[in-house]
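K.L.:
Have a look at the structure that comes next, please.
In our numbering, the protein residues as written are 1 to 207.
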């Protein structure tokens, strides 16, 4: 009986210690789940800043928009203080079971109430910009037609990278494989050099 009590108490002590010392280890239960900077699983419809990953774990750049109106704005990289939160969701007909996973198709939306133009959304999409001599990520997307993915950044550093996955637009003339996104003249655009990012949860206004 004493041995049984000792085993139970030892197990409880270990569980408490592990939770206290390794809090991140107990948050991520799904090995394919995307993890935020606090070690928690990224979830649909929650708000996040997409920040630039760095070697010293500081985030000074974040994703934002070229205009405060948000409508038909290019997605850019700006100072963290000017960053705009985003939300992730699954395209029509697909389920994420309450967790955003690596290699899953996603819709990305700016969480902003300033876009009130009829028929224009804050959803990200890819668009040809002649002035940029190529495609850039912009707003005004349509659910199901503008797919993105989050995958592990190949350079390590516990960060991720974003990719655009075309369906039937001009980028599909040669291949419909997902295209990594990088920093091209301070804009998020297709690039051979992926841009490492992290996801920082936005605190609730009530907290």
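The beta carbon of each residue, even a glycine, is placed where N, CA and C say it ideally should be.
Source: prediction; values computed, not measured.
1) DSSP puts residue 161 in a beta bridge; with which residues?
2) Thinking C-alpha only, which one of 60, 142, 134, 132 is nearest residue 122?
3) Can you tell me where the beta strand (DSSP E) with residue 134 in it begins and where it stops?
4) With a CB to CB cut of under 6 Å and the five nearest residues on each side skipped, what residues in its chain are close to residue 128?
5) Is residue 146 helix, strand or coil when you go by DSSP?
6) Which parts of the region 32-86 are runs of the beta strand (DSSP E), unbroken and 3 residues or longer, counting only runs that do not cross its ends?
7) What is the DSSP secondary structure of residue 180, reduced to helix, strand or coil?
8) Do residue 100 and residue 110 have their beta-carbon atoms positioned less than 7 Å apart in this structure?
9) Do residue 144 and residue 91 come within 7 Å of each other at the CB atom, strictly closer than that value?
10) Reducing DSSP to helix, strand and coil, say where residue 201 ends up.
11) My output table needs one value for residue 130: the three-state DSSP class, helix, strand or coil.
12) Is the closest heavy atom of the ligand FMN to the C-beta of residue 140 under 6 Å?
13) Mark residue 200 as exposed unless 16 or more other C-beta atoms lie within 10 angstroms of its C-beta, in which case mark it buried.
14) What's the C-alpha gap between residue 108 and residue 124?
15) Tell me, which residues are paired with residue 189 by DSSP?
16) If you follow the beta strand (DSSP E) that residue 110 is part of, which residue opens it and which one closes it?
17) Report the rounded CA-to-CA distance for residue 130 versus residue 29, giving the unit in angstroms.
18) I need the straight-line Cα distance from residue 74 to residue 126, nearest angstrom please.
19) Straight-line CA distance for residue 203 to residue 193?
20) Just tell me which of 70, 62, 97, 77 has its CA closest to the CA of residue 32.
P.N.:
Quick look at the numbers:
1) Beta-bridge partners assigned by DSSP to residue 161: 151.
2) The option with the nearest alpha carbon to residue 122 is 142.
3) The continuous beta strand (DSSP E) containing residue 134 extends over residues 134-139.
4) If we look at residue 128 and ignore the five residues flanking it on each side, its Cβ neighbours are 135.
5) Correct three-state label for residue 146: coil.
6) Those beta strand (DSSP E) runs which fall completely within the region 32-86 and span 3+ residues are 48-52, 61-65, 75-79.
7) In the three-state scheme derived from DSSP, where H, G and I count as helix and E and B as strand, residue 180 is classed as strand.
8) Taking 7 Å as the cut-off, the beta carbon of residue 110 is found no closer than this to the beta carbon of residue 100.
9) Less than 7 Å divides the Cβ of residue 91 from the Cβ of residue 144.
10) Of the three classes helix, strand and coil, the one that applies to residue 201 here is strand, per DSSP.
11) Of the three classes helix, strand and coil, the one that applies to residue 130 here is helix, per DSSP.
12) The ligand FMN is not part of this structure, which contains no ligands at all.
13) Per the 10 Å Cβ criterion, buried.
14) Here the alpha carbons of residue 124 and residue 108 stand approximately 6 Å from one another.
15) Paired residue(s): 182.
16) Where residue 110 is concerned, the enclosing beta strand (DSSP E) starts and stops at 107-110.
17) Residue 130 and residue 29 have their C-alpha atoms roughly 45 Å apart.
18) Cα to Cα, the separation comes out at about 9 Å.
19) Straight-line Cα distance between these residues: approximately 31 Å.
20) Ranking 70, 62, 97, 77 by CA distance to the CA of residue 32 puts 97 first.
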